[in-house]
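J.: Structure incoming, see below.
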Amino acid sequence: CKENLLESGIPACQKLLDIDSFVESCVKDTCNSSCDGVQCMCATISEYSHQCAHAGGRLGAWKTPKMCANHIRCPYNMQYSKCGTACPETCSHHQSQVCVSQCVDGCFCPAGTVLDNIGHRGCVPKDDCPCLHNRRLYKPGESFMRTCKNCTCVKGKWSCIELKCPGICSILGGSHISTFDDKVYTFHGACTYVLTKKVDTHLSVLGNLVKCGQADIPTCLTAVTLLLSKDRAIVVKSNGQVLYNKQISLLPLILDDAMVFMPSTFYIIVHTNYGIDLEIQITPIMQLYIKTCDSNKRTLTGLCGDFNDVEVDDFRTMGGLIEGTASIFANTWKIDSTCVDLKPTEDPCGMSTTKGDYARHWCSLLSDPKGFFAKCHYEVNPKDYESACIYDTCACQDSEACMCAALSSYVHACAAEGVLLKGWRKVACNKYANNCPSNFVYGDHMTNCARTCRSISQTDRTCIVDFTPVDGCGCAHGTYLSEKGQCVHASHCPCYSGDVVILPRQITQLHGKTCLCYNGMLKCNGPLLNNTCANPMVFLDCSSVTPGTPGVECQRSCQMPDIDCVSSCVSGCVCPAGLLSDGRGGCVREQECPCTFNGKVYRSGQNIKVKCNTCTCRNRKWQCTKNDCGRTCTLYGEGHYITFDGKKFFFNGGCSYVFAQDYCGDGLHGTFKILTEPKTCGTTETICSLAVTLYLGVLNANTQTCISRCHDLMLLDENFQVKRGKAEDIPFKVHTGGLYLVVEAKNGLVLMWNRKTTLVIKLTSRIQWWVRRYVEGNIARGSNLDRVDFLSSQGKLCGLCGDYDGNIKNDFTTRNKETVVEGIDFGNSWKLSPTCPDTKPPSDSCGVYSHRHAWALKQCSILKSKVFASCHSKVEKESFYQACVRDTCACNAGGDCECFCSTVAAYAEACREAGACIRWRTPSICPVFCDYYNSEGGCEWHYEPCGKPCMKTCRNPLGECYNKIPSLEGCYPRCPVEKPFLDEATMKCVSAKQCGCYDTKQEEHYKDGENVPTKENCQTCTCSSTNIKCENTTEACICDYNGTKFKYGDIIYGTHDGDGTCITAVCGENGEIKRKFYSCTSTTTTTQTPFIFSSTGKNNIHAQHWPTNH
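So in the working numbering, spot 1104 of the sequence shown is number 1306, and the numbers just go up one at a time.
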């Protein structure tokens, strides 16, 4: 073994590596009877060559016909090379990755081809790379169609054309709302709410939410109202009854601008000429789907959002600000200002283990990868539907009805995407298909077209309406639906008070009386209605006013000043004409109306701070400055992501991944790339830390050459290393901010790492300006950078942080430019190396480690406790709570407290960003020991939950940052006046003289009074109290002659011209070479060499020097 290693043709390695360990491995392998000796020897020598290359050695041709060459068999049409790239291109990974410079030996594709790791056909031209969609292989040029997209396979990537598609807002289970822009939230209400309204018109959709029966938690959708104009309304009730202008109408109802019909006993369809349609489910419970045309974009408002393709602003109120929580946002859209605001509720499954088990059993059918619903998983992610199903099934009195409604909502969503799940009721909820009325039949795809008695003699206008396929009971082919209604006993009839629906046997409070709904009638007991009102309100008695006069239910308020109300008059206290209700029992003029934000009321003229902007209340609306606050992308805990556009998902892969980058257009040019790699705790699967790499500068990813400003920063094991590029520096700083290591660049990028599992990236629009500036500058200097190609791709982000375009719907765009629905498919596509194995779907950690579940619930309950009470109205807590429980269960072998602490700290940081500073750490809950930095008896260091954004340090004596750095939690010193600077090297407060100075790169440190090198000639620089002071002096001048440096006054050379004239060159002022010509007078009889002039510039006259004995 030793002889072969020494004679293997790798002489450069012998000085770089210890050969003994390789000889020992070779001997063990060769002696192994199950191994061919020559083959095992070759494997050892091959590894020896790899380690040599990593150590900087240059490999020779060690593989010969006699040594190992015959043992190399490359698969497919690949070829062996002794020095190939460590990051070869494949069909799934087109661009060359940021890669080590050392080459490796092995099998590689011939030039001009890449490895087909999708179709597994060996090496193919890049143009022949196939694509993969829904586990099916597509050849180049082949396409697939989705409801709103047409995608074609081009060079292994999908090129998609977005089609104009309707927006869909859904209200499911009486509390789960998904907006037109796909924001999903849960809200329990007890009022009538504006679901959507077209701006500057009367067209709106209202939803009536009430408490469901005797249950404590859920609310039910009991009526949907479509306001066509100020005095025309269509009301659909949960029992299927339809009213037009308060009169019961038989279906189909045909109007000039709208029609209402029932394609099955499960659904009622409302179609309008205004681009808004309603698909109303009434069996087994009422649920609503609002569809709106693309032409209505940016013209809508209400609980369903504004339909502008931006999810993060869907909680914008009429006041103009964006609320942080669903309950506060939703309560701003209630019609009746006197309705009580309901608070968020707890997990209903925690109240009954029996219901919880039942819910998880049936609702898990949605996500079963081998189940009936799996065929739709690639189009609609079942995660949110399964969660809502479990919630509703636990909360409802009739668990089966709510469970079936939840399953049907997923079926409806799939149908909207073009996937019909026919026969799903054979798996669950079959009773609704078997209980059709007499002479009715059940169908998966029902229609109203030509199925009514009216359609026999009249044109059926419902046939032109395009709606989502629905199931239910209807007339069989050859039969027609008459206009007769169905009858029920009075004991099953609901009761009504105005637009309020009271279910049978339900007890409710109306006008100060306790009422029971019995046999369709309200029987009330209690005091008579009090007709005295607090000043300035007046009592309105509906019995003494003219018909059509609005009552309390239509009171104009500061919250809803332009209310469109079609309702029966309700007596009560109202504001006098010209005044609006302020929501607190008073009446004010409209210009005096207050503004609301985060559940608080602000007077006109009051100012508040919202992130980096100042907002002023004016005429009940907020007027804000328009500073660019940027957006953040966050990774915390075991793999919880929040993208720039606010999409939350879980992905705990074990490879290196592209966290964020702008190498996204053609993949060849970019300005930054951030890579992350999780580091586990020993042999466990628990993530203890992250390895983070930041590449900063304009880099050609194809050639790995720096175009401008290239650096790479490695963050690992609580420290960092900087490898600066040779090109001009891009200004950046690295400093400590509490628990975080902060890297901020002048181009608008800020990286914050807590040295463990939390990573936050903040970007502003400045980065686009910075890129454009340097691209134009490089082109002006003659760079070969293609301006059109580069600028067309810059500003487009990609990676695990999404694309930063505001549209949450396309955040799951893979490396191959396909938009997927599962976070795991999205995450796996952004791994750095195609050879790293894909991560498998995560398991239910609390199910696997059930013994930790109770402890996790107890620990994580701090997020719902009064400790965070001031934040609950600003930041929704449920996603952080679920992440906390999941991670605390998962960390079963060490690091359990860290897993818990990381998720709680992430919520605290979100609270701080929203303006709520939470002091949540205690000596027993995730303590931070700041006293470690204090000297004995000292008390400078303290824990701050919201620290100082930019401190005065020896590296940054002015305390100025390129960007707005958040006030991060951690340990901070309270430095005295005489020692105002923090020395980050010693973590001590020091004076300016003790600080010394740092160079412009903040790499070299100089003591106070020490000379500092300078690039400027004739200049002397000295460190003085954190400042580098420079002055021009003649004595500091340097002359450069043929690469040799000479000080001021030095003789550079002496020579003669061969004709009696001598020349002496001396280093003079300003670094200029002074030449003196004079007559030669010498007593030495030395033969002189004549001077030969060969001038190439001012200071580059080549001359023969005097002989040494002259």
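Every residue gets a Cβ at the ideal spot worked out from N, C-alpha and C, and that includes glycine.
What you are looking at is a predicted structure, and each value in this text was computed from that prediction instead of being measured.
Quick one: measure Cβ to Cβ for L623 and F575, integer angstroms, because I've assumed they're closer than 8 Å.
T.: Stepping through the sequence shown from its first residue, residue 623 is reached at position 421. Stepping through the sequence shown from its first residue, residue 575 is reached at position 373. That pair is a contact at about 6 Å.
J.: Q216: buried (16+ other C-beta within 10 angstroms of its C-beta) or exposed?
T.: Translated into the one-based positions of the sequence shown, residue 216 becomes position 14. Burial call: exposed.
J.: Report all residues from its chain with a CB closer than 6 Å to the CB of K964; omit the five preceding and five following residues, and keep chain order.
T.: Start at 1 with the first residue of the sequence shown, and residue 964 comes out as number 762. Around K964: G832, T834 and V952.
J.: Using 8 Å for Cβ pairs, my map puts N146 next to V703. What's the rounded Cβ distance?
T.: With the chain running from 203 to 1312 in the structure shown, residue 146 is simply not present.
J.: Between C311 and G358, what straight-line distance do the alpha-carbon atoms span, to the nearest angstrom?
T.: As a working mapping, residue 311 is identified with position 109 in the sequence shown. As a working mapping, residue 358 is identified with position 156 in the sequence shown. Looking at the two C-alpha atoms, the distance is approximately 17 Å.
J.: Could you give the C-beta distance for Y395 and L408, rounded to a whole number, given that I count them as a contact under 8 Å?
T.: On the sequence shown, position 193 is the one that residue 395 refers to. On the sequence shown, position 206 is the one that residue 408 refers to. Yes, Y395 and L408 are in contact; Cβ-Cβ is about 7 Å, under 8 Å.
J.: Report yes if the C-beta distance between C565 and L397 is below 7 Å; otherwise report no.
T.: Taking the first residue of the sequence shown as 1, we reach residue 565 at position 363. Taking the first residue of the sequence shown as 1, we reach residue 397 at position 195. Not a contact, by the Cβ cut-off of 7 Å.
J.: Quick check for students: name the residue ranges of the alpha helix (DSSP H) that lie wholly in the segment 1148–1216, counting only runs of 4 or more.
T.: List check, alpha helix (DSSP H) in window: 1194–1197.
J.: Between the segment 604–618 and the segment 584–591, can you find at least three pairs of beta-carbon atoms closer than 8 Å?
T.: Flag = yes, the segment 584–591 and the segment 604–618 touch.
J.: Counting contacts by CB-CB distance shorter than 7 Å, is F1279 in contact with chain D?
T.: No chain D is part of this structure, which consists of one protein chain only.
J.: Tell me which same chain residues have a C-beta within less than 6 Å of the C-beta of T1285, skipping the five on either side of it?
T.: Here residue 1285 refers to the residue found at position 1083 of the sequence shown. In this prediction, T1285 has a pLDDT of 44, which is less than 50 and means its spatial position is unreliable; what the coordinates show is noted afterwards. Nothing meets the Cβ criterion.
J.: Cutting at 8 Å between CB atoms, please list the residues of its own chain near R983, excluding the five before and the five after it.
T.: Against the sequence shown, residue 983 aligns to sequence position 781. For R983, the predicted structure reports a pLDDT of 48, less than 50, and the residue's modelled location is therefore unreliable. A value from the coordinates is still provided. Counting only Cβ-Cβ distances below 8 Å, and skipping sequence neighbours, we find nothing.
J.: Specify, as a first and last residue, the run of the alpha helix (DSSP H) that H614 falls within.
T.: Within the sequence shown, numbered from 1, the residue matching residue 614 stands at position 412. Run containing H614: S601 to A618, per the alpha helix (DSSP H) assignment.
J.: Going by DSSP, name the residue or residues bridged to D646.
T.: By 1-based counting over the sequence shown, the position of residue 646 is 444. None; D646 has no bridge partner.
J.: With DSSP collapsed to three states, give me the class of C826.
T.: On the sequence shown, position 624 is the one that residue 826 refers to. Strand.
J.: Which same chain residues, not among the five before or five after E1020, have their C-beta less than 6 Å away from its C-beta?
T.: Here residue 1020 is taken as the residue at index 818 of the sequence shown, counted from 1. Within the same chain, E1020 has close Cβ partners W360.
J.: For A608 and S406, I'd like the C-alpha separation in whole angstroms.
T.: Residue numbering aside, residue 608 sits at position 406 when the sequence shown is read from its first letter. Residue numbering aside, residue 406 sits at position 204 when the sequence shown is read from its first letter. Near 26 Å, if we compare the C-alpha coordinates of S406 and A608.
J.: According to DSSP, what are the bridge partners of H196?
T.: The structure shown has nothing for residue 196, since the chain only spans 203 to 1312.
J.: Would you mind working out which of L1059, Y1135 and K1166 sits nearest L1184, comparing C-alpha positions?
T.: Here the question's residue 1184 lines up with position 982 in the sequence shown. Of the listed residues, the one whose Cα sits closest to L1184 is Y1135.
J.: Is the distance from the Cβ of K758 to the Cβ of L782 below 7 Å?
T.: Locating residue 758 in the sequence shown gives position 556, where the first residue counts as 1. Locating residue 782 in the sequence shown gives position 580, where the first residue counts as 1. Note that residue 758 is Arg in the sequence shown, not Lys. In contact: R758 and L782 (Cβ atoms closer than 7 Å).
J.: For P1043, is the classification buried or exposed, using 16 other Cβ atoms within 10 angstroms of its Cβ as the cut-off for buried?
T.: Start at 1 with the first residue of the sequence shown, and residue 1043 comes out as number 841. With fewer than 16 Cβ atoms within 10 Å of its Cβ, P1043 is classed as exposed.
J.: Please state whether DSSP places G409 in a helix, a strand or coil.
T.: On the sequence shown, position 207 is the one that residue 409 refers to. Looking at G409 - three-state DSSP - the assignment turns out to be strand.
J.: What is the DSSP secondary structure of P550, reduced to helix, strand or coil?
T.: The residue labelled residue 550 in the question sits at position 348 within the sequence shown. Residue state, collapsed to three classes: helix.
J.: I need the DSSP call for A528, collapsed to helix, strand or coil.
T.: Against the sequence shown, residue 528 aligns to sequence position 326. Of the three classes helix, strand and coil, the one that applies to A528 here is helix, per DSSP.
J.: Would you say the beta carbon of L455 comes nearer than 6 Å to a heavy atom of the ligand COA?
T.: The model on display carries no ligand, and the ligand COA is accordingly not part of it.
J.: Which class does N1136 belong to by DSSP, given the choice of helix, strand or coil?
T.: Residue numbering aside, residue 1136 sits at position 934 when the sequence shown is read from its first letter. Residue state, collapsed to three classes: coil.
J.: With three or more C-beta pairs closer than 8 Å as the rule, is the segment 436–448 touching the segment 458–473?
T.: Result yes; three or more Cβ-Cβ pairs closer than 8 Å.
J.: Identify, in the order they occur along the chain, each residue of the same chain with its Cβ nearer than 6 Å to the Cβ of C228, setting aside the five sequence neighbours on each side.
T.: Walking along the sequence shown from the start, residue 228 turns up at place 26. The answer, listed in chain order, is C203, M243 and T246.
J.: Between R1088 and the rest of its own chain, which residues show a CB-CB distance below 6 Å, the 5 nearest in sequence each way excluded?
T.: Translated into positions along the sequence shown, residue 1088 becomes position 886. Closer than 6 Å at Cβ, skipping near neighbours: S1047.
J.: Which value, in whole angstroms, describes the spacing of the CA atoms of I221 and R275?
T.: The residue labelled residue 221 in the question sits at position 19 within the sequence shown. The residue labelled residue 275 in the question sits at position 73 within the sequence shown. About 27 Å.
J.: Quick one, are the C-beta atoms of T845 and D662 less than 7 Å apart?
T.: Working through the sequence shown from its first residue, we reach residue 845 at position 643. Working through the sequence shown from its first residue, we reach residue 662 at position 460. No, the pair does not count as a contact, with Cβ atoms beyond the cut-off.
J.: Name the residue from G1256, G1260 and D1261 whose alpha carbon lies nearest to the alpha carbon of A1267.
T.: Counting from one through the sequence shown, the residue named residue 1267 turns up at place 1065. Checking every option, the nearest Cα to that of A1267 belongs to G1256.
J.: Exposed or buried, which one is T503 when buried takes at least 16 other CB atoms within 10 Å?
T.: By one-based count along the sequence shown, residue 503 stands at place 301. By the neighbour-count rule (16 or more Cβ atoms within 10 Å), T503 is buried.
J.: Buried or exposed, going by whether 16 or more other CB atoms sit within 10 Å of the CB of Y865?
T.: Counted from its first residue, the sequence shown places residue 865 at position 663. It is buried - the Cβ of Y865 has at least 16 other Cβ atoms within 10 Å.
J.: Going along the chain, which unbroken runs of the alpha helix (DSSP H) with 4 or more residues stay wholly within the segment 1069–1093?
T.: Runs of the alpha helix (DSSP H) inside the segment 1069–1093: 1080–1092.
J.: Should N1272 be labelled buried (16 or more other beta-carbon atoms within 10 Å of its own) or exposed?
T.: Locating residue 1272 in the sequence shown gives position 1070, where the first residue counts as 1. Label assigned to N1272: exposed.
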